[in-house]
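A.B. asks: Quick one: structure below, then a few questions.
Chains as they are written, first to last, in my numbering: chain R, 593 to 956; chain V, 593 to 956; chain U, 593 to 956; chain X, 593 to 956.
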């Protein structure tokens with residue numbers, strides 16, 4: 593995996609900083625003949641867009657995507673069909689004024705990448721976090737919208753399942769609830785809890801972490817590889833590449849460490865339709881790195897943003913000790929907007945392995 | 593990342609099955625002038641080797657490594673110096689007899705990769721799990737022994753921190769204890785608990801999961817990249833590629849989801865030696881995908897092996913329903929032997945990023 | 593090498609078709625701290641731009657490049673400094689009207705990629721050749737402008753050395769002449785010959801091939817690798833990826849097949865400055881895949897464009913036999929505009945190996 | 593493309609030096625279910641093997657290949673069937689004694705990679721050329737034997753078409769003659785000319801260059817890609833990676849530079865079987881980087897070996913000026929043994945693109 597590219601046959605390269613002219617991606621390897629519209633891509637971007645509720649940053653980012661290449665516009669004036677050549681997508685930054693960053697341009701905010709960037713590059717784009725800004729994830733979401741189309745029937749959906757110390761009740765899981773609340777929780781009973789909890793966090797100028805679960809259905813069995821291109825490995829890699837993610841699990845994940853072999857093994861039977869079925873899904877749809885046909889289940893943990901109103905001790909580029917308080921409009925729980933990003937990354941990983949499997953074995 | 597290769601500048605390709613003639617790896621990209629001995633590599637392999645105690649499988653695998661290329665033997669007759677060309681290492685399988693596998697050759701063991709292999713390849717190497725056997729990890733451990741030498745001063749050590757429901761007490765952590773017990777636990781107080789617990793598991797013909805923690809010290813600040821070559825991302829990817837791993841964490845990992853921004857941010861001060869120091873390490877040594885100079889902390893969860901004596905329901909390749917009991921000599925807790933494997937993978941990821949950072953920025 | 597990306601540490605991804613909204617590239621892996629201006633990039637694009645003389649196509653393509661990311665604008669308002677993050681560059685297509693392509697949309701022009709595209713993708717972008725249009729090379733030239741800056745002191749220059757049956761006289765080589773004529777020939781004595789010859793070709797509605805020579809000076813010794821990342825191999829690969837190129841040579845190239853070992857070996861002596869010198873350069877600056885410090889010499893052959901006024905026999909997508917005459921504004925000798933493209937590709941290959949060598953060995 | 597690996601889905605990693613314990617390769621990405629025998633692989637290795645006639649080096653290298661992994665032995669005890677996992681092949685070096693290299697260990701032989709290796713790595717394997725020895729190509733030939741099987745019906749054959757100043761007569765081309773002479777020439781009328789010519793070269797302790805032509809038949813149309821994964825580009829890259837190769841051509845190659853558009857365009861008609869046919873093959877079977885279904889024609893130029901008996905001026909590692917004469921058993925025309933190597937490389941490139949095309953488009 594290269595530095596700003598991911599994927600082997602379905603390859604996505606993203607570019608752009610928080611305060612540059614634009615950001616975007618090049619999707620290279622999309623098969624020919626895939627139909628989609630800019631409006632479809634936009635619908636996923638809108639889920640990620642800030643300012644949708646008081647629980648996300650109040651910055652205004654229209655995030656309007658344009659498809660610049662790799663497609664032929666159909667006669668309906670709306671439908672785009674991929675030609676097999678690279679699909680370039682761009683989102684212009686409407687508000688790219690460089691405000692006066694003053695001292696902060698030389699200070700290292702605790703928990704941010706300021707210090708490590710400076711050590712690595714010797715030059716730091718202090719404007720809004722530069723390349724490490726979550727703005728970059730808009731490009732991934734656009735790529736994910738294409739990836740969803742590559743695998744026939746694929747459905748990839750995500751949900752917030754934990755915020756700070758509060759978890760949802762999995763037994764009340766209802767996908768229909770996801771879009772009825774500003775948290776992407778599938779548990780209607782958790783909405784008030786999350787709302788009250790996050791109101792407190794927000795008013796205190798603090799922030800909180802979260803856990804997101806992504807489930808992919810209709811993934812054909814056989815995707816992945818036994819060793820260094822395991823499907824779960826690439827899903828883990830893709831999810832861990834999202835800003836602020838500190839942990840990734842497949843299926844039972846860390847809980848599997850507490851299970852016995854009897855508890856953990858997913859027994860098999862023949863289904864009524866003549867296809868094998870699994871009686872449980874501790875494995876999260878992946879066995880030996882290869883999809884089993886059961887739903888793929890991945891979870892990832894997002895840390896709280898370090899942009900908080902409480903001053904923290906740090907240093908600046910000259911080694912001077914300073915106290916830093918990060919003013920500005922920030923998400924009290926960045927995990928919320930990570931839901932559509934996680935979906936996009938899982939979709940991209942599956943699309944890539946779908947094409948690889950087809951190439952390597954001809955068995956799709 | 594290719595199917596059986598990992599790394600971008602420090603690239604490792606492994607090959608070999610459980611019951612083949614041999615297994616091995618090619619380490620491509622090791623810088624010239626790195627000194628090591630076969631005995632050093634062997635010392636890491638011996639940690640991973642089965643049959644070291646009653647808690648690991650009783651199979652005999654001498655696992656004797658030979659270095660076949662990429663080095664010049666020095667006049668002492670022992671020291672090898674890398675020439676910059678690919679280092680090929682091989683471990684012969686001393687016991688490669690194909691016993692009579694009978695029915696099992698066509699049955700899908702629950703929790704194993706049998707079914708997914710058959711779906712993917714249409715041909716399955718039923719002999720000891722084929723390529724998905726943990727035998728493959730011996731090659732990784734050999735590669736890791738080279739990787740450790742690439743980064744000056746690098747120290748990578750792992751420990752078992754949880755077995756089933758029992759966790760170690762982190763406050764009693766003592767690296768010196770690691771080699772004093774068959775569990776690689778750094779907490780002397782946990783040895784009896786683990787021993788009694790695993791005796792019970794073993795006698796019941798059952799198995800249990802575990803969590804391993806790997807800590808890398810003396811990692812220069814600046815390794816990694818902001819987006820798709822984050823150091824934590826590659827560590828996650830490498831660890832998730834180990835057999836039976838279902839979850840990976842960096843620093844506080846999933847626990848970070850429960851923290852506030854104030855709790856999670858690692859404050860900075862200037863150390864007495866004029867270098868920055870972090871007052872805590874929630875981030876696990878990586879900020880924005882780039883190493884900070886603090887110790888890198890990674891954890892991974894290993895599921896219990898599915899090779900258990902209790903019969904489980906499954907099907908065979910003809911779709912016939914069968915009950916399967918996996919006889920044979922298996923590890924009751926495969927997590928134990930995963931410790932040196934996890935160390936090797938973390939070392940390889942760091943070595944790769946060390947070379948990439950040097951190439952990309954010239955700043956080491 | 594991926595489908596629309598080249599390079600390992602200095603990676604270029606290009607996108608865009610002849611008649612799309614725009615085209616561009618993402619340069620990923622440019623080290624931080626490299627200074628350049630949009631005007632510098634533009635100066636190389638202008639060399640490649642059509643309509644510069646009557647000997648190149650009369651299409652109007654302003655080819656105005658914009659740098660969208662990966663840089664910080666300095667206080668002079670002109671200088672850009674790379675930050676180490678991906679540099680995205682875009683050139684808008686000012687004339688993207690889709691004229692009525694009529695029959696040609698379904699006909700396979702002999703010598704063009706029409707038929708092979710249709711076989712491969714089942715969908716063909718008939719507008720101006722789609723992705724196989726030479727328009728794409730503008731993006732490469734922009735990337736090459738950055739590559740030139742990556743290697744300190746690097747000078748990469750190209751010249752047209754043969755057009756059809758007429759070759760230049762190497763003994764009259766004068767770099768200063770290159771920009772004094774519309775053919776990029778370094779031999780002032782060849783200008784009239786080329787002019788008269790090409791006038792005849794052009795008036796006949798015909799076309800002719802050419803050979804271009806690219807010379808790179810101040811390339812540090814040590815770049816490349818012995819086997820599958822030979823510097824000459826990558827230069828050959830990069831040059832062969834240019835539209836219409838059918839052959840590539842390094843140093844004496846095909847002529848070396850006629851030489852004896854005595855004639856071909858470049859003898860070495862110590863120079864007055866204490867550095868080794870080569871008494872000849874049959875090898876073209878590369879020995880065993882690694883640069884020797886002598887100038888790198890590469891040549892490539894460009895076939896005549898198939899867009900000619902004489903009707904040729906062919907078939908259409910229905911298998912019907914047709915006669916095709918390609919009207920429109922085409923280059924009688926596409927090799928002329930290939931000169932800056934060849935320079936750019938050689939510069940990119942050298943920049944990539946410069947970074948790889950630094951990473952792999954730390955010896956720059 | 594990595595340093596010692598080539599290919600994207602059909603990936604080959606080679607390892608081993610001239611005087612090491614062994615050399616070999618790992619073929620990663622071979623589809624499952626491909627049948628072959630060790631004897632088949634050996635038959636290609638035997639073509640490349642030295643000592644077959646007085647025209648090749650008199651060194652003895654049994655070059656016996658062993659397949660170590662990635663296959664299941666069938667009941668006939670001979671047939672191997674690929675399982676989809678990496679195929680490791682090894683050839684032991686039977687004569688690996690390190691003779692006394694004396695002064696030569698520090699001298700730079702003109703035309704060899706001695707100097708560039710030393711500059712690059714700071715450590716040089718002076719034993720027989722180390723990694724730059726043509727020994728390495730045995731591993732490629734083994735990989736090529738597998739590649740041939742991946743594409744149904746594929747036939748790849750090579751021939752020597754020029755030696756020094758003597759070319760074959762293409763009108764007398766007869767594949768049946770290839771194995772009837774020690775030069776792999778398809779023109780029976782050229783055998784005596786080549787024999788007399790090379791006898792003179794050999795007796796003078798000199799060496800001479802050559803040109804090899806490789807033709808691949810039954811290549812499906814549609815393999816390759818428009819831009820940076822052109823099939824011709826990868827063939828050029830693979831061929832240029834062979835030791836001593838200085839030029840590569842596809843179809844008419846450099847001759848195309850002298851042609852007009854009318855002469856160069858390959859007209860199309862419908863064949864009697866309802867498939868398109870090309871009335872000529874100037875393009876060498878590749879249009880716009882994509883195979884057309886016509887035979888693929890590639891040529892490459894091999895320089896004369898620099899190991900000659902006439903002393904040449906050079907320097908040593910201390911900068912001292914020396915005269916060097918390379919004693920030993922060398923090939924007077926290394927181009928002869930390059931024939932099976934060229935075939936192998938073309939087969940590998942086609943196999944890789946066959947799998948890529950299948951993955952990317954599903955159209956095979």
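Each residue gets a CB set at the ideal place from its N, CA and C atoms; glycine is no exception.
(1) Does the Cβ of residue 645 (chain X) have 16 or more other Cβ atoms within 10 Å, making it buried, or fewer, making it exposed?
(2) Should residue 737 (chain X) and residue 616 (chain X) be called a contact, given that it needs their Cβ atoms to be closer than 8 Å?
(3) Under a CB-based cut-off of 8 Å, is residue 727 (chain V) close to chain R?
(4) For residue 758 (chain R), which beta-bridge partners are listed by DSSP?
(5) Following the continuous beta strand (DSSP E) through residue 665 (chain U), name the residue where it begins and the one where it ends.
(6) Can a CB atom of chain V be found closer than 8 Å to the CB of residue 887 (chain R)?
(7) Is the separation between the beta-carbon of residue 665 (chain U) and that of residue 927 (chain U) shorter than 8 Å?
(8) Report buried or exposed for residue 593 (chain X), applying the criterion of at least 16 other Cβ atoms within 10 angstroms of its Cβ.
(9) Would a C-beta distance cut-off of 8 Å place residue 839 (chain R) and residue 775 (chain V) closer than the cut-off?
(10) Determine, using beta carbons only, whether residue 612 (chain X) comes closer than 8 Å to chain U.
(11) Let me know if residue 764 (chain X) comes out buried or exposed under the rule of 16 or more other beta-carbons within 10 Å of its beta-carbon.
(12) Would residue 819 (chain R) and residue 742 (chain R) be called neighbours here (beta carbons separated by less than 8 Å)?
(13) Quick one: which chain U residues come within Cβ less than 8 Å of residue 648 (chain V)?
(14) Using three-state DSSP, classify residue 607 (chain V) as helix, strand or coil.
(15) Within 10 angstroms of its Cβ, does residue 863 (chain R) collect 16 or more other Cβ (buried), or is it exposed?
(16) In this structure, how does DSSP classify residue 870 (chain V) when only helix, strand and coil are distinguished?
(17) For residue 825 (chain V), count the other beta carbons within 10 Å of its own beta carbon; 16 or more makes it buried, fewer makes it exposed. Which is it?
(18) Could you check what DSSP says for residue 808 (chain X) in three-state terms: helix, strand or coil?
(19) Mapping DSSP to helix, strand and coil, what is residue 637 (chain R)?
(20) Going by the DSSP bridge assignment, what does residue 865 (chain X) pair with across the sheet?
(21) Can you confirm whether residue 947 (chain V), when its beta carbon is compared against all beta carbons of chain U, has any partner nearer than 8 Å?
(22) Name the chain V residues that come within less than 7 Å of residue 601 (chain U), Cβ to Cβ?
(23) Reducing DSSP to helix, strand and coil, say where residue 821 (chain U) ends up.
(24) Rank R:792, R:885, R:952 by C-alpha distance to the C-alpha of residue 947 (chain X) and give the top, closest one.
(25) Out of X:761, X:867, X:621, X:632, point me to the one whose CA is closest to residue 909 (chain U)'s CA.
(26) Which of helix, strand or coil does DSSP assign to residue 854 (chain X)?
(27) Report yes or no: is there a C-beta of chain U within less than 8 Å of the C-beta of residue 762 (chain X)?
(28) Spell out a yes or no on whether the stretch 635–643 of chain U and the stretch 922–939 of chain U are touching, meaning 3 or more CB-CB pairs, one atom from each, closer than 8 Å.
(29) Kindly examine the ligand MG and report whether one of its heavy atoms sits closer than 7 Å to the Cβ of residue 642 (chain X).
(30) Could you spell out the range, first to last residue, of the beta strand (DSSP E) harbouring residue 672 (chain R)?
(31) Buried or exposed, going by whether 16 or more other CB atoms sit within 10 Å of the CB of residue 560 (chain R)?
(32) Anything in the stretch 816–836 of chain X with a Cβ closer than 7 Å to a Cβ of chain R? List those residues in chain order, please.
(33) Per the contact definition of three or more C-beta pairs closer than 8 Å, is the stretch 849–857 of chain X in contact with the stretch 879–890 of chain X?
(34) Could you tell me whether any Cβ in chain V is nearer than 8 Å to the Cβ of residue 609 (chain X)?
(35) Between residue 673 (chain U) and chain R, is any beta-carbon pair separated by less than 8 Å?
C.D. replies: The structure says:
(1) exposed
(2) no
(3) no
(4) R:755
(5) 663–665
(6) no
(7) no
(8) Any reading at residue 593 (chain X) is ruled out, since the residue's pLDDT is 43, under 50, leaving its predicted position unreliable.
(9) no
(10) no
(11) exposed
(12) no
(13) By Cβ distance, chain U contributes nothing, its closest Cβ being about 38 Å from residue 648 (chain V), past 8 Å.
(14) strand
(15) exposed
(16) strand
(17) buried
(18) strand
(19) helix
(20) DSSP, once it has assigned bridges, lists no residue as partnering residue 865 (chain X).
(21) yes
(22) 951, 952
(23) coil
(24) R:952
(25) X:867
(26) helix
(27) no
(28) yes
(29) This structure simply doesn't include the ligand MG, nor any ligand for that matter.
(30) 672–674
(31) Residue 560 (chain R) is absent from the structure shown; chain R starts at 593 and stops at 956.
(32) 818
(33) no
(34) yes
(35) yes
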